[in-house]
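Peer 1:
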Amino acid sequence: MIKALTYLLFLVSFFAIVGCTATSNYDEKNIDRLAFEIEQLGPSVSAEEASRASYIAHTYSLQLAKEYNVTTSAMAHNQLVVHGLRKRGYCNHYTEDLSKRLKQEDFRTLTVHWAVSPPAPLRIIHHSVIISPRGGTIDDGILLDPWRNSGVLFYSKPQDDERYDWRTRAEVREQLLLDAEARDARFPSD
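Heads up: the sequence shown begins at 3 in our numbering, then just goes up one per residue.
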């Protein structure tokens, strides 16, 4: 009886997670809204480049989800990748592919950054793209996160994101190395 209830609970949980996938449609209003926000990052930002960046970020995120065969929530899809049932679809895959695609545009007034949110209790490391005015930092830009909603673009100012603490890759890498050194000093392998 307990085995049957455990199995039933597993099935209900599994289908609840699988059912948490976002729609594959994008909204022109969201594209226009993000284009406006990108343009407002500074007086040097080209309206045409802001529109192009927004359109690419929205549509290419959906294209990547299709290519990665995403049919579940982001976290559930990660498990499919872990177990070899999918080849790509981690946040760093989305970040790598989206940043590469945006950089192909050779923007004159925008800079594409790779940002990282370090691991924290109950949260794994997370990667995403930030677009800023030319020469700006990640704090000057807008976060473009295609992983979070399974290909449907999430965007916000990095400092307004309540889930993650966005930093540069170099800063997070340095912190992770320092943490590893401290851990090794506490627990020497010899």
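All C-beta atoms in this analysis are idealised placements derived from N, C-alpha and C, irrespective of residue type, glycine included. Predicted model, so just to flag it, every value in this text is computed and none were measured.
Do residue 36 and residue 166 have their C-beta atoms closer together than 8 Å?
Peer 2: With respect to the 8 Å criterion, residue 36 and residue 166 are not classified as neighbours on the basis of their beta carbons.
Peer 1: Just curious, the beta strand (DSSP E) that residue 156 is in, first and last residue?
Peer 2: Residue 156 -> beta strand (DSSP E) spans 156-158.
Peer 1: Consult DSSP for residue 64 and reduce its assignment to one of helix, strand or coil.
Peer 2: DSSP places residue 64 in helix when its eight states are reduced to three.
Peer 1: Measuring alpha carbon to alpha carbon, tell me which residue in 53, 33, 188 and 172 is nearest residue 111.
Peer 2: Residue nearest to residue 111 within the set 53, 33, 188 and 172 is 53 (criterion: CA-CA distance).
Peer 1: Alpha carbons only, please: which of 31, 49, 61 and 48 is nearest the one belonging to residue 147?
Peer 2: Of 31, 49, 61 and 48, the residue nearest in Cα terms is 61.
Peer 1: What does the alpha-carbon distance come out to for the pair residue 153 and residue 76?
Peer 2: 9 Å
Peer 1: Under the three-state reduction of DSSP, which class applies to residue 129: helix, strand or coil?
Peer 2: Here residue 129 sits in strand by DSSP.
Peer 1: Count the other CB atoms within 10 Å of the CB of residue 109; is the residue buried (16 or more) or exposed (fewer)?
Peer 2: buried
Peer 1: What do you reckon, are the CB atoms on residue 160 and residue 143 nearer than 8 Å?
Peer 2: yes
Peer 1: Taking the alpha-carbon positions, what's the residue 86 to residue 80 distance?
Peer 2: 10 Å
Peer 1: Tell me the residue span of the alpha helix (DSSP H) that contains residue 191.
Peer 2: Careful: residue 191 lies outside any alpha helix (DSSP H) and carries neither H nor E.
Peer 1: Write down every uninterrupted run of the alpha helix (DSSP H) in the stretch 90-124 whose length is 4 residues or greater and which is fully enclosed by it, in chain order.
Peer 2: 93-105
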